Amino acid sequence: MTNTTTSVPRVALVTGTASGIGEAVVRQFRELGHQVLAVDFNEQAKDKADAAGAAFYQADLTDGEACKGAVAEAIQRFGRVDILVNNAGIQHVSPIEDFPEAKWRQIIDLMLTAPFLLTQAAWPSMRRNGWGRIVNIASVHAQVASPGKSAYISAKHGLIGLTKTAALEGGPQGITANAICPAYVKTPLVENQIADQARLHNMDEQDVVEQIMLKNAAVKRLIDPEEVSALVAYLASDAAGAVSGSSWNIDLGWTAQ
């Protein structure tokens, strides 16, 4: 069988690489021979990048200048940016009435404004080379909503709009843009949500997993990060040149209802 993810070596910038999906994407790209700049706020993510053979750049992506700096670092190191994977994210669970304004702004800045600024900064390099792949890690919550996650859900819905706009503008220039919408993935971000959800709903943590996280899933398990990174690799490959403006659900059948 032909490996549909095979392509010439590229330069990728991946955000949110300390664990979970971002860490898996960095490993996947390095296995494919791509040069990778792993970007994360957490300095400990450097160890993960080093282990995978990737370069590391520490940045707080809620700062617009840091977004531009990350792209500049990739271009300085590798000469260009071919692939951008916007994955960095955080979560806060609280009813709208009690949701802290500062946390709302932080989530929107990190999960919607930063992907826009990173896309904007990487765009000229992709345009010059006539080839680019933008993969935005959205969420099943870019398709549906749940209580207590107003900022996260707003950011993810907005990310789908950004993806579609980038696809329309990038098509004539050889740039594609797609979003991936996973349900609950086995990551520290999800693990941290369990306790928050238990408090919000006054439930045991095991009940949160079974009755909330997997309630609407046809496949009753959490998703492995490598399952998401495999789709990222396809969407970032030459084989996916005709795929753009799409939202790819890896949601355990959640939205099949």
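Residue 67 in this note's numbering is what sits at position 50 of the sequence shown, and the numbering runs on without skipping anything. Ideal placement from N, C-alpha and C gives every residue a C-beta, glycine not left out. Nothing here was measured: the structure is a model prediction, and the numbers come from that model.
Let me know if residue i comes out buried or exposed under the rule of 16 or more other beta-carbons within 10 Å of its beta-carbon.
i, result
"residue 136", "buried"
"residue 232", "exposed"
"residue 102", "buried"
"residue 214", "buried"
"residue 219", "exposed"
"residue 278", "What the structure shows of the chain is the stretch from 18 to 274, and residue 278 is not part of that stretch, so it cannot be assessed."
"residue 19", "Note on residue 19: pLDDT 41, under 50, position unreliable in the model; no value is reported."
"residue 54", "buried"
Please report the straight-line C-alpha distance between residue i and residue j, rounded to a whole angstrom.
i, j, result
"residue 110", "residue 25", "42 Å"
"residue 261", "residue 143", "15 Å"
"residue 78", "residue 224", "34 Å"
"residue 38", "residue 227", "22 Å"
"residue 59", "residue 125", "19 Å"
"residue 138", "residue 72", "19 Å"
"residue 269", "residue 201", "9 Å"
"residue 93", "residue 46", "19 Å"
"residue 237", "residue 230", "9 Å"
"residue 302", "residue 122", "This structure gives no information on residue 302, because the portion of the chain shown stretches from 18 to 274."
"residue 40", "residue 115", "33 Å"
Can you give me the Cβ contacts of residue i inside the same chain, cut-off strictly under 8 Å, excluding the 5 residues immediately before and after it?
i, result
"residue 4", "The chain is shown from 18 up to 274; residue 4 falls before or after that span and cannot be answered."
"residue 147", "190, 191"
"residue 76", "56, 57, 58, 83, 84, 86, 87"
Using C-beta distances below 7 Å, list every residue in its chain close to residue i, excluding the 5 sequence neighbours before and after it, in chain order.
i, result
"residue 272", "157, 160, 161, 266"
Just confirm the distance between the C-beta atoms of residue i and residue j, as a whole number of angstroms; I'd bet it's less than 8 Å.
i, j, result
"residue 81", "residue 129", "In fact, because the Cβ distance is near 12 Å, the residues do not count as touching under 8 Å."
"residue 275", "residue 203", "Outside the shown range of the chain (18 to 274) lies residue 275, about which nothing can therefore be said."
"residue 32", "residue 43", "Between residue 43 and residue 32 the Cβ distance is about 10 Å, and since that is not below 8 Å, they are no contact."
"residue 108", "residue 209", "7 Å"
Output needed for residue i: all residues of its chain with C-beta closer than 6 Å, excluding positions within five of it in sequence on either side, in chain order.
i, result
"residue 113", "167"
"residue 131", "78, 84"
"residue 193", "150, 261"
Unbroken stretches of the beta strand (DSSP E), 3 residues or longer, contained in the segment 72-139: 72-75, 100-103
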